[in-house]
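Student: Below: one structure in structure tokens.
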Amino acid sequence: MKRKRRALGELIADSVGFPDTLSVSAPDIHIMGTREISIDGCRGILVYEREEIQLRLKDRVMTIFGHDLRLKTYYTGHVSVKGRIFSISFEEGL
Numbered sequence: 002m003k004r005k006r007r008a009l010g011e012l013i014a015d016s017v018g019f020p021d022t023l024s025v026s027a028p029d030i031h032i033m034g035t036r037e038i039s040i041d042g043c044r045g046i047l048v049y050e051r052e053e054i055q056l057r058l059k060d061r062v063m064t065i066f067g068h069d070l071r072l073k074t075y076y077t078g079h080v081s082v083k084g085r086i087f088s089i090s091f092e093e094g095l
């Protein structure tokens with residue numbers, strides 16, 4: 002049987018009882034009203050358009066739909082999106 006390998010950070014977080022939001026592997030997402038969203042744990046940008054931005058997270062894809070969407074900041078592991086945000090969806094298992 003094949004065992005999943007887990008990151009050292011995940012093992013430590015589990016052993017001391019940290020919630021998933023404090024774990025190294027879970028994305029940290031902050032939504033500020035309907036005008037800005039900040040994501041830590043982004044692994045890449047898949048789609049970048051004014052009406053849709055798709056981001057690759059660890060084990061899923063996050064899609065942000067809205068109007069006049071643009072990147073406020075983008076650097077290793079972090080993305081901030083500004084604009085009128087209408088909806089956010091997640092697609093798992095990718």
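When we follow my numbering, the leftmost residue of the sequence shown carries the number 2, and every step to the right adds one.
Ideal Cβ positions, reconstructed from N, Cα and C, are used throughout, including at glycine.
Bear in mind the structure is a predicted one, so any value in this text is a computation, not a measurement.
Which value, in whole angstroms, describes the spacing of the CA atoms of residue 22 and residue 49?
Tutor: For the purposes of this step, residue 22 is taken as the residue at position 21 of the sequence shown. For the purposes of this step, residue 49 is taken as the residue at position 48 of the sequence shown. Because the pLDDT of residue 22 is 49, which lies under 50, any placement of that residue in the model is unreliable, and the question is left without a value.
Student: Let's test the definition: count the other Cβ atoms within 10 Å of the Cβ of residue 1 and tell me whether it reaches 16, buried, or not, exposed.
Tutor: Absent from the structure is residue 1, since the part of the chain shown begins at 2 and ends at 95.
Student: Use the C-beta contact count for residue 70: other C-beta atoms within 10 angstroms, 16 or more gives buried, fewer gives exposed.
Tutor: Here residue 70 refers to the residue found at position 69 when the sequence shown is read from its first residue. So residue 70 counts as buried.
Student: Is it the case that the Cβ atoms of residue 38 and residue 32 are separated by a distance below 8 Å?
Tutor: Your numbering for residue 38 matches position 37 in the sequence shown. Your numbering for residue 32 matches position 31 in the sequence shown. Yes, Cβ-Cβ distance for residue 38 and residue 32 is below 8 Å.
Student: Only counting the same chain, and skipping five residues up and downstream in sequence, which positions put a Cβ closer than 8 Å to that of residue 76?
Tutor: One-based indexing of the sequence shown puts residue 76 at position 75. Nothing listed; no residue qualifies.
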